[in-house]
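Trainee:
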Amino acid sequence: MKVLGISFGRIDQRSDVMVKEALFAAKEAGAEVEFINTVRLNIGHCRACDYCSRCRDKGDVEIHCCMKDDYSILEEKCLDADGIIIAAPVYAVGIVGQFKNFVDRFGPSHDRAALLEENKKREEAGKPLLDERYFKDRYVGYISVGGAQTHNWVSLGLPMLDLFSFSFCMKCVGHVDAYDQGRTGHPLFDKDLMKKCAELGTAVAESLGKPYDEVDTWVGDEGVCPVCHNPLLSMNGTTTVECPICGIYGKLSVDGDKVTVEFSEEEKNRARNTPIGIYEHYNEIQNMITVCVPKLMANKDTLPKMMEKYKNFDLHW
1 MKVLGISFGR IDQRSDVMVK EALFAAKEAG AEVEFINTVR LNIGHCRACD YCSRCRDKGD
61 VEIHCCMKDD YSILEEKCLD ADGIIIAAPV YAVGIVGQFK NFVDRFGPSH DRAALLEENK
121 KREEAGKPLL DERYFKDRYV GYISVGGAQT HNWVSLGLPM LDLFSFSFCM KCVGHVDAYD
181 QGRTGHPLFD KDLMKKCAEL GTAVAESLGK PYDEVDTWVG DEGVCPVCHN PLLSMNGTTT
241 VECPICGIYG KLSVDGDKVT VEFSEEEKNR ARNTPIGIYE HYNEIQNMIT VCVPKLMANK
301 DTLPKMMEKY KNFDLHW
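Residue numbers (the UniProt record's numbering): 1 to 317.
1. Mind checking who threonine 38 pairs with in its DSSP beta bridge?
2. Hey, valine 19 and lysine 27 are a contact pair by Cβ (cut 8 Å); roughly how many whole angstroms apart?
3. Check the C-beta distance from valine 3 over to alanine 205 and give it rounded, since I have them as a contact under 8 Å.
4. Taking 8 Å as the threshold, find out whether the region 239–249 comes into contact with the region 258–274 through three or more Cβ pairs.
5. Pull up the DSSP beta-bridge partners for serine 144, would you.
6. So for glutamate 32, helix, strand or coil by DSSP?
7. At the level of alpha carbons, what is the spacing between glycine 30 and lysine 171?
8. Flag this pair as yes or no: are the beta carbons of glycine 141 and alanine 81 separated by less than 8 Å?
9. With burial defined as no fewer than 16 other Cβ atoms inside 10 Å of the residue's Cβ, what is the status of asparagine 283: buried or exposed?
10. On a CA-only basis, which of Glu214, Gln286, Asp180, Gly250 is nearest valine 93? Give me that one, please.
11. Would you identify the three-state DSSP class for aspartate 213, choosing helix, strand or coil?
12. Is valine 173 buried or exposed, if buried means 16 or more other CB atoms sit within 10 Å of its CB?
13. Quick check: lysine 113 and tyrosine 279, are their CB atoms within less than 8 Å of each other?
14. Could you tell me which residues DSSP puts in a beta bridge with valine 248?
15. Can you list, in chain order, the residues of its chain with a C-beta nearer than 8 Å to that of isoleucine 276? Leave out the 5 residues immediately preceding and following it.
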């Protein structure tokens with residue numbers, strides 16, 4: 001069982017050190033470990049060309065991106081891993097852009113619901129099935145690294161890291177919010193912080209190979225949401241609130257200065273990183289197609305004329 005540590009930060013700096021501390025603990029807990037720093041990798045942004053989906057639909061066993069950069073290096077390492085620990089720096093409230101580039105290309109092309117439905121079609125037709133690595137359950141842990149002392153300058157760090165979990169239905173067992181690094185100077189000066197990183201590595205390693213419903217481990221701050229443990233809520237003016245990360249609804253109540261939110265088991269079971277949650281999104285997309293395609297077909301002759309002034313837009317007004 002392998003735990004992959006990924007750092008999106010500078011070489012031999014804070015993100016590297018904290019991921020490696022987690023990997024030391026994971027190895028001590030019995031896992032095989034591997035580390036990769038991405039800062040020198042060229043991972044371009046998704047161009048929405050749909051090549052990966054066409055690979056899937058035309059019967060390829062493996063799904064590939066047509067862009068010839070270093071994305072595939074990191075993709076393959078993630079596919080081979082049983083557990084993944086990611087550390088990434090926060091430059092301006094949210095995680096560094098290279099991470100988002102990778103997630104935009106990795107997530108949709110490996111959407112578990114779409115891949116499961118594709119495999120059903122292949123089984124019925126007697127065709128080769130998709131790479132079995134796409135259906136392996138994995139455990140993850142996240143480390144958000146920020147220099148700011150004021151937490152709201154790093155507040156989207158951990159929530160953005162959670163974006164990695166959704167498409168593959170991975171289960172997060174802990175996170176570390178390593179902000180205030182500007183005053184800390186170096187993570188090795190903070191023994192409590194390094195202990196948290198080690199505990200994260202142990203939690204990931206000890207979860208490997210177990211069914212999700214047998215693992216209720218959580219390392220890190222509890223947060224508000226019982227699934228992602230982030231402190232964010234979306235409000236609509238009522239006592240019904242939503243975790244914007246997991247997409248689940250809860251009931252808010254206030255007792256004096258204390259605010260609590262209760263999430264039902266039904267809601268927790270439909271979080272974005274669950275089979276129910278990922279199928280909700282898959283079905284939503286399929287329904288969109290049934291509405292959108294007829295509109296485009298009905299207007300296939302008039303739409304090009306409607307688009308002319310936009311294609312010929314004069315930038316020198």
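Every residue, glycine too, gets a C-beta built ideally from N, C-alpha and C.
Mentor: Reading from the atomic positions:
1. Looking at the DSSP assignment, threonine 38 forms no beta bridge with any residue, so it has no partner.
2. That belief does not hold up - the Cβ atoms of valine 19 and lysine 27 are roughly 13 Å apart, past 8 Å.
3. 6 Å
4. yes
5. Ala88, Asp177
6. strand
7. Taking the straight line joining both Cα atoms gives about 20 Å.
8. Their beta carbons are not under 8 Å apart, which means glycine 141 does not touch alanine 81 by this criterion.
9. exposed
10. Closest option to valine 93, Cα to Cα, is Asp180.
11. helix
12. buried
13. Reading off the sequence, residue 113 comes out as alanine, not lysine. Yes, Cβ-Cβ distance for alanine 113 and tyrosine 279 is below 8 Å.
14. The residue you asked about is not valine; residue 248 is isoleucine in the sequence shown. Isoleucine 248 pairs with Cys243.
15. Asn269, Arg270
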